[in-house]
Every structure is written in C-alpha cells, then in structure tokens.
Amino acid sequence: MESNPLEDPGVRLMLAWKAGDESAFDRLVEAYSGQVWALLTRFVHGQGAREDLVQEVFLRVIRARDRYEPTARFSTWLYRIVFNLSVNETQRAGKRETGSGERGFDDGEFQRDGMARIADDSLVEPAETLARGDAVAAVRAAIQALPEQQRMAVILAKYDEMPYDEIGEVLGISEKAVKSLVHRARESLRERLAPFLKGEIA
Amino acid sequence: MNVPCRDFRLLLESRLAGRATPERLAELSWHEHLFACAECRALLEAEEALESLLASLPEPRLAPEVRERVLARLRRSRIHEQHEERLDRLLDVAASEAPPPGLARGVLQGLARRVGDERLDRLLELDVIEAPAGLSARALSGLRLARRAPARRRTALRIVLVGAAAAALVALVWIARPEASKSTVDRVDVVKEPNPAPKVAPDSAPRERAATDTRVASNGSAVPDEVLAALDLLENWDVLVASDAETLQTALPTADEALLSEFEEEG
C-alpha cells in the first residue's frame, strides 16, 4: 500500500469512533453507505436484499470496532466485508433454494450455484435479453453470470477504479491473481456480449 | 502468440488495469503493430466497445429515505451493543469474590418484567432470593461463560435464562433450609389464586422428580408448590422458548435495559 492509511478520511472517522466519538459512526455511514449500496447493487443485484445487506455490513463494522486496525484504506476494509457477506448470503440463499447448496467449479474457482438466484426478475439469460435488444439488461446479466471473484474484481476495477493490489486485499488474493481474474472476466464478457460489441464497432 | 502480439496485449492489459476509458484505449489504435495485425486490432476494438457498454450502466443511487432507515436501525443496534458492553463490564465486576448483594434477585426481576409471568412475581414476593455469597459467585461465573458463547443475541438470551435459573436454584436452597421453611410457607399461604398449571416440557419429568427429592430430603418440610412451579418454568425455559425464540430475541434489548437498571439500583 503506497499511501498512508491514516490519511484516509474513512480510517480517521473509524479511529475517532473507536476512541469514543459516537458521532463519527453516523458520519461513516453517511459517507460510505452510498458506495456500499452501489457495490451491492452491481454485485448481487437483488432488489429486496440490499437494504438489509447494507445494514448488515455496518453492523459488522460496529462489532469490529474494538479490534479495528488501520492497515488499509477504509473502503478496502469495508468492501472486504461486503464481499464476504454477499458470498455467504448468496450461499445461504442457494441452499434454501436447492436444499443442497451444490457448487460447480469453473476454471478452478468457486462458482456458487445459487449466485444467480439472489438476483431479481430483471436478471434473465443474455439470449432472451438480446431478443429485447436491451443492452443495459444484457450487461447486467453478463456481469451476474461471472463467478463471484471475477465479478467483484471486474466491478471494483471498472466502477470503483480500484487498483489491482487493493482489489487483491479485498478478495484476499495476490495482485497477479487479480490480473488473471480480470482478464478471464473480460474474456467472458466479450463472449457473452458479442452481438452488442459488433454493433458498437459498426 | 508471436512477440509483437504479446507485447501489444501486455500494453493493452496495462491500460485496462489503470483507469480505462474508451478514449484512452482508442489512443492505442495508432500503435504500429495494429497496421500489420488484424487480430489484435479486432481485440482492441472489442475492448473499447466493452468499455462503452460497461460504462452505459446507470450509477446505483441510495435513496435518502433508505439511508435514514438504515441509520435509525443502526443507532438502535449501537445502543444495544453499548448495553452489552456495560453488561460485560458489570459481569466482570460481579463475578469477583464479593459480588454485589441482590444480583440474583435483580436478574430474576428483569426476567419477570420481560416475561410478565405472575408466578415469577410471586416468587419475588417471597423475598428469599438473597444469595449466599458462594452460590451467587458460582451462578455469576456461569453467566460469564454464557457471555463468551459466539452468537451474541443467543448469548444475550441465555444470560437471562441462566441468571433466572440460578436465582431460582438459590431460592430453592434457601427455602429448603429447615429453619426457613415455616416463614416461607406462611408467606405463600397469602397467595390466594390457584396455581396455574406450569407449561411442562417433554423432558421435564426427571427434573420434577429431582425437585421432589429435594423436597423430601429437606427434613420433610414442604417446599411451596408456587416455588416448584416457578422452578419448573425456569428450568424448562430453553424448551419453552424454542417456538418463540425469535420474538424474544428481538425484544431482548428491553430486557437488557431492565436488567441493567435493576443492577444499577441495587449497586
């Protein structure tokens, strides 16, 4: 990590709160709930679950208060919570749905079977969305179809402009592994969205 | 893949790793390699188009009313957490060799308030809950162990249960003393209502027998049915609440508050 975490505004608020400034927590929620919401929307895309998930993310922040150490940017630490929580939640939802919680493997990476099921009705197969010619829906569906780590890596890289080393911290993997995840994710996206890409080029 | 292709793709990947925009990728279209390689040109164009597509997704916005709702619920959670912390500190003090007098009684009062069961009120009316120091300390170390269990809400529930059971045990031992039995019976006689049938759990029979044995062992003196009924209720509490655990758990912050205020009044 190049920059000093202590200069990060989120880290400062977290430390102030840890030191007893109760208002600092409200400011943390004010400052970061929008980002958490956006990340969850892109990652799980479930309409109903998001509000509860945002709350659950910050509940975990509350519980981590005493043992919090400023080793990274606050958003890196927070996104790690978001990722772990979303994956757990999706697994649970998958288990409820299938009664077994089966998993498939994709290129050595877990592809949770229930991942797509947390999504709402707007998530449909790319083939169907092509018929409607709805590019936005197709992009969402293509992102949702990615395995979890690939999906989070590509979302953080693209929409949060997060450098690969920080994405590695969020996912608990190396920078090199992130690079390979993003590479594979883009490959899948290009494949799934091929009809739209050709249209763009023309 | 030949060397020029590999070099170009590395360059492309490094652009994608930084803040890639379709425009920044388009700058690469003048790369000399592309004049000779249709495959890499097609890849670059596909990546540019993909960037445009990804950028077309609308930015998700958190509605202010949702933010407010989340903030309000988090505030309530924090108050609950603060109570838990205070309770932790209190229990640390309480489990010392000289716990505050009346602690077991305070726990029982908290439970009575929460549950609203009149049998518990009557048990409290008996005024025999003051714990001998040794028993109280043991009950409190039980409380502390329960606090260390992983699931916090579940733990909070257990505090009340273990505490109440401990208080009831103390009460029973106290009542069962030969010299105490007479005055206790006198007080119970004042209670006029018939004893409501205790909710008996499936596995309660051995416990009932154990309670009866205690009664026989205590010099033949009668332990009031009121106390036995209340004890039965407390002993089987974990079974009784199983069906309604969720309701109880959501109401627990109030119970904790009741407990704390009792402790504070006592202390």
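Going down the list, the sequences are from chains A and B.
Residue numbers for the first sequence follow the working numbering, beginning at 976 and rising by one.
Residue numbers for the second sequence follow the working numbering, beginning at 113 and rising by one.
In this text, a Cβ means the ideal position worked out from N, Cα and C, and glycines have one as well.
Note that this is a predicted model, so its numbers are computed, not measured.
Under the Cβ criterion of 8 Å, A158 (chain B) is counted among the residues facing chain A. L165 (chain B) and L1164 (chain A) have their C-alpha atoms spaced approximately 10 Å apart.
Around the beta carbon of K1133 (chain A), a 10 Å sphere encloses 16 or more other beta carbons of the protein chains shown; the residue is thus reported as buried.
In the structure shown, the three-state DSSP call for T1046 (chain A) is coil. The beta-carbon of V1004 (chain A) is placed less than 8 Å from the nearest beta-carbon of chain B. Counting along the chain, the unbroken alpha helix (DSSP H) around I1142 (chain A) starts and ends at Y1139 to L1146. When the beta-carbon positions are compared, F1049 (chain A) and M1127 (chain A) stay at least 8 Å from each other. Take E1031 (chain A), set aside five residues on each side of it, and the residues of its chain with a beta-carbon closer than 7 Å to its own are L1060, in chain order. Its chain contains L124, R127, L128, L156, E159, E160 and E163 as the residues whose beta carbon lies nearer than 8 Å to that of L137 (chain B), once the 5 sequence neighbours on both sides are disregarded; these appear in chain order. Taken atom to atom, the span from the alpha-carbon of R188 (chain B) to that of R181 (chain B) is near 11 Å. With a threshold of 8 Å between beta carbons, S1008 (chain A) makes contact with chain B. Neighbours of P176 (chain B) in chain A, taken as residues whose beta carbon is under 7 Å from its own, are absent, since the nearest beta carbon is some 10 Å off.
No residue range can be given for P1122 (chain A), since it is assigned to no alpha helix (DSSP H) and is classified by DSSP as neither H nor E. Take the alpha-carbon of R173 (chain B) and the one of T1046 (chain A): they are about 29 Å apart.
Not one beta carbon of chain B lies nearer than 8 Å to the beta carbon of W1052 (chain A). Taking C-beta separations shorter than 8 Å and ignoring five residues to either side along the sequence, the partners of V986 (chain A) in its chain run P980, P1045, R1048 and F1049, following chain order.
For T1016 (chain A), at least one C-beta of chain B is nearer than 8 Å to its own C-beta. Taken through DSSP and simplified to helix, strand or coil, C149 (chain B) comes out as coil. Under the 10 Å beta carbon count, E1005 (chain A) is surrounded by fewer than 16 other beta carbons and is classified as exposed.
Separation of the CB atoms of Q1125 (chain A) and L1156 (chain A) is rounded to 5 Å, and the pair is thereby assigned contact status at 8 Å. With a 10 Å radius around the Cβ and a threshold of 16 neighbouring Cβ atoms, W142 (chain B) comes out exposed. In the three-state scheme derived from DSSP, where H, G and I count as helix and E and B as strand, V1019 (chain A) is classed as coil. Shown here, N114 (chain B) sits in coil according to DSSP, grouped into three states, outside any helix or strand.
Assigned with DSSP and collapsed to three states, N1059 (chain A) falls in helix. At a cut-off of 8 Å between beta-carbon atoms, L137 (chain B) makes no contact with chain A. Listed by position along chain B, the residues whose Cβ is nearer than 9 Å to that of A1110 (chain A) are L165 and S168. With contacts defined by Cβ atoms closer than 8 Å, V1111 (chain A) and L1121 (chain A) do not form a contacting pair. At least one beta carbon of chain B lies nearer than 8 Å to the beta carbon of I1037 (chain A). Residue burial is scored here from C-beta neighbours: I191 (chain B) has fewer than 16 other C-beta atoms within 10 angstroms and is therefore classed as exposed.
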